[in-house]
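Below is one structure, written out as structure tokens; the observations come after it.
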Amino acid sequence: MLALTWLIPALPFAGFVILALAGGRLSRRAAALVGVGSVGLSALVALVVGGTFLASPPPGAAYEQTLWTWMATGDLAPGIGLRLDALSLIMVLVVTFVGFLIHVYSIEFMSGEEGYARFFAAMNLFVGSMLVLVLAADLLLLYLGWEGVGLCSYLLIGFWYRDPANGRAARKAFVVTRVGDTALAIGLFLLFTQLGTLEIQEL
Numbered sequence: 007m008l009a010l011t012w013l014i015p016a017l018p019f020a021g022f023v024i025l026a027l028a029g030g031r032l033s034r035r036a037a038a039l040v041g042v043g044s045v046g047l048s049a050l051v052a053l054v055v056g057g058t059f060l061a062s063p064p065p066g067a068a069y070e071q072t073l074w075t076w077m078a079t080g081d082l083a084p085g086i087g088l089r090l091d092a093l094s095l096i097m098v099l100v101v102t103f104v105g106f107l108i109h110v111y112s113i114e115f116m117s118g119e120e121g122y123a124r125f126f127a128a129m130n131l132f133v134g135s136m137l138v139l140v141l142a143a144d145l146l147l148l149y150l151g152w153e154g155v156g157l158c159s160y161l162l163i164g165f166w167y168r169d170p171a172n173g174r175a176a177r178k179a180f181v182v183t184r185v186g187d188t189a190l191a192i193g194l195f196l197l198f199t200q201l202g203t204l205e206i207q208e209l
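Under my numbering, residue 209 is the last one in the sequence shown; the count climbs by one each step, no gaps.
Take a look at the structure:
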């Protein structure tokens, strides 16, 4: 069952893609079903994977899943890989189950708002990015998850973009997070130049 780990972030991303591409043609009920259902399924998979992890701990109390190598430049050949250990398992369960409850609450809370599908698309992307952040096996993938979380923060803060105050708050959040992103990117560059790897286990 540990081989299903990749499904945990993949399901919210799938929900995001469906809502982003077809959300305008879906009814509110269908949009909510896709948004809530994708995160709910992710939580169920996380529960199954977590139960397997606890019942039969993998060697070294960590499970690594390499999906593919997405580019190779000189000595750098990072793979898309996930790492599940006790800490990341706790965070995965928190993200998926709390995210699911927030999605369920939003069905009624956002029912009278425009951009219903857009909201659930942003929330699905947020949950998926958070899961990539906590499951990343290397710092480069962690950075991509971090960027996704920052983007979603901007989208959600500025959801009611017709209100100038919300627009200003979203832009402020975007600028502030870019400062942190730049510092993190510089840190990753220095780590790689000094140590020659971005793999969390090797570091």
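We put the CB at the ideal spot given by N, CA and C, even for glycine.
Being a predicted model, the structure only gives us computed values, none of them experimental.
Three-way DSSP call (helix, strand, coil) for Ile-206 in this model: Three-state DSSP puts Ile-206 in coil, outside helix and strand.
Contact under 8 angstroms by Cβ, Thr-58 with Met-7: Against a cut-off of 8 angstroms, the Cβ pair of Met-7 and Thr-58 comes out as a contact.
CB-CB length for Val-138 against Gly-154, believed under 8 angstroms: Contact holds; Cβ gap of about 7 angstroms.
Val-42 beta carbon less than 8 angstroms from that of Ile-113: Against a cut-off of 8 angstroms, the Cβ pair of Val-42 and Ile-113 comes out as a contact.
Bridge-paired residues (DSSP) for Thr-72: DSSP lists Gly-87 as partners of Thr-72.
Integer-rounded CB distance, given that Ala-127 should sit under 8 angstroms from Phe-212: There is no way to answer for residue 212, as the model of the chain reaches only from 7 to 209.
Limits of the unbroken alpha helix (DSSP H) element including Glu-153: It spans 145 to 163 - the alpha helix (DSSP H) in which Glu-153 sits, taken as one unbroken run.
Sequence ranges, alpha helix (DSSP H) only - wholly within the stretch 162 to 202, length at least 4: Qualifying alpha helix (DSSP H) stretches, in chain order: 170 to 201.
Cβ-Cβ distance between Ala-141 and Val-100 below 8 angstroms: Position check: residue 141 holds Leu in this sequence, whereas Ala was assumed. If you check the CB distance, Leu-141 and Val-100 do not come in under 8 angstroms.
Cut-off 7 angstroms between Cβ atoms - residues of its own chain near Gly-156, not counting five sequence neighbours on either side: Closer than 7 angstroms at Cβ, skipping near neighbours: Thr-183 and Asp-187.
Burial state of Phe-195, where buried means 16 or more other Cβ atoms lie within 10 Å: With fewer than 16 Cβ atoms within 10 Å of its Cβ, Phe-195 is classed as exposed.
C-beta atoms of Phe-132 and Leu-107 nearer than 8 angstroms: The Cβ atoms of Phe-132 and Leu-107 do not sit closer than 8 angstroms to each other.
Beta-carbon spacing of Ala-171, Tyr-160 below 8 angstroms: Contact: no.
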